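Residue numbers (the numbering used here), protein chains in the order written: chain A, 13 to 127; chain B, 160 to 273. Idealized CB from N, CA, C, for every residue including glycine. As the structure is a prediction and not an experimental result, all values here were calculated from the model. Let me begin by presenting the structure, written as structure tokens, before commenting on it.
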């Protein structure tokens, strides 16, 4: 089996700061995703990537950048952290895109707090 | 747009009792979306519990069942007899056609009391 590793597990930032979250997978999956989860809400898609160097915007992409320089890694940057922002960011991967019954594998998440 | 609604944020059930977690969906972009239940056990990542891609069919896993009801646009999760180890957060989801994104509900925290 494989694993998705997200670093760091906890991230504390200052208002206006640029913050980077990292994700690594060893499934050899083509597609990777970044989701955001706010308390009491469902997961919302920020960015996804169907292959190395590909980037596709999700519904929540504003305020974020992403990078997929290698097949195994996918990073997310919060371009300017918002004061009192608190959320959990989840990275996921799947074998391939374009198949609507595809199973996603998730990491444990990065919990962001902005002071 | 497409959406998934889970009306209960928290459910508490005694061990060996039956369980229903409600899920309804609205799919404007596609008549029959694919439907999923994901689960997050304490200390673990979110993982697929079951999926159903054909309207009218039932999916099952680990003693849980969910039936894809296109008439009521529902996909309720049921179990006849819950165990303490079933305590987790359960998310209903659908795939939105076109963008093929997974659309998640807000989740239901299940607590099973011994």
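Problem - Simplified DSSP assignment, three categories, for residue 125 of chain A - result: strand
Handout entry: Straight-line Cα distance separating residue 242 of chain B from residue 273 of chain B
Key = 8 Å
Problem - Under the three-state DSSP convention, the category residue 243 of chain B falls into - result: helix
Problem - Integer Cβ distance of residue 246 of chain B from residue 269 of chain B, believed to fall under 8 Å - result: 6 Å
Problem - Three-state secondary structure (DSSP) of residue 108 of chain A - result: coil
Exercise for the section: Quick one: list the residues of chain A neighbouring residue 200 of chain B, beta-carbon separation under 7 Å, in chain order. Expected result: Under the 7 Å cutoff, chain A gives no residues; its nearest Cβ is about 11 Å from residue 200 of chain B.
Practice task
Could you confirm whether any beta carbon from chain B is found closer than 9 Å to the beta carbon of residue 71 of chain A?
Solution key: yes
Practice task
Would you mind sorting residue 190 of chain B into buried or exposed? The rule is 16 or more other CB atoms within 10 Å of its CB.
Solution key: exposed
Handout entry: DSSP-derived helix/strand/coil call for residue 162 of chain B
Key = strand
Handout entry: Buried versus exposed call for residue 65 of chain A [16 or more other C-beta atoms within 10 Å across all chains shown]
Key = exposed
Exercise for the section: Please state whether DSSP places residue 107 of chain B in a helix, a strand or coil. Expected result: Nothing about residue 107 of chain B can be read from this structure; chain B reaches only from 160 to 273.
Exercise for the section: Could you tell me whether any Cβ in chain B is nearer than 9 Å to the Cβ of residue 107 of chain A? Expected result: no
Handout entry: Partners in chain B for residue 48 of chain A, counting only beta-carbon separations shorter than 9 Å
Key = Per Cβ cutoff of 9 Å: no residues; residue 48 of chain A is ~11 Å from chain B at best.
Exercise for the section: Count the other C-beta atoms from every protein chain shown that fall within 10 angstroms of the C-beta of residue 13 of chain A, then say buried if there are 16 or more, exposed otherwise. Expected result: exposed
Practice task
Could you tell me the distance, in whole angstroms, from the CA atom of residue 230 of chain B to the CA atom of residue 55 of chain A?
Solution key: 26 Å
Problem - Proximity of residue 49 of chain A and residue 102 of chain A at Cβ, strictly below 9 Å - result: yes
Handout entry: Run of the beta strand (DSSP E) containing residue 35 of chain A, from where it starts to where it stops
Key = 31–37
Problem - Selection of the stretch 52–65 of chain A by Cβ proximity to chain B, strictly under 7 Å - result: 52, 53, 54, 55, 57
Practice task
Compare the C-alpha of residue 267 of chain B against each of B:160, B:161, B:170 and name the closest.
Solution key: B:170
Problem - Beta-carbon proximity check, residue 215 of chain B vs residue 119 of chain A, cutoff 9 Å - result: no
Practice task
Report all residues from its chain with a CB closer than 7 Å to the CB of residue 22 of chain A; omit the five preceding and five following residues, and keep chain order.
Solution key: 123
Problem - Closer than 8 Å at the beta carbon, the chain A residues around residue 163 of chain B - result: 54
Problem - Listed by chain order, chain A residues near residue 206 of chain B by CB distance under 8 Å - result: 117, 118
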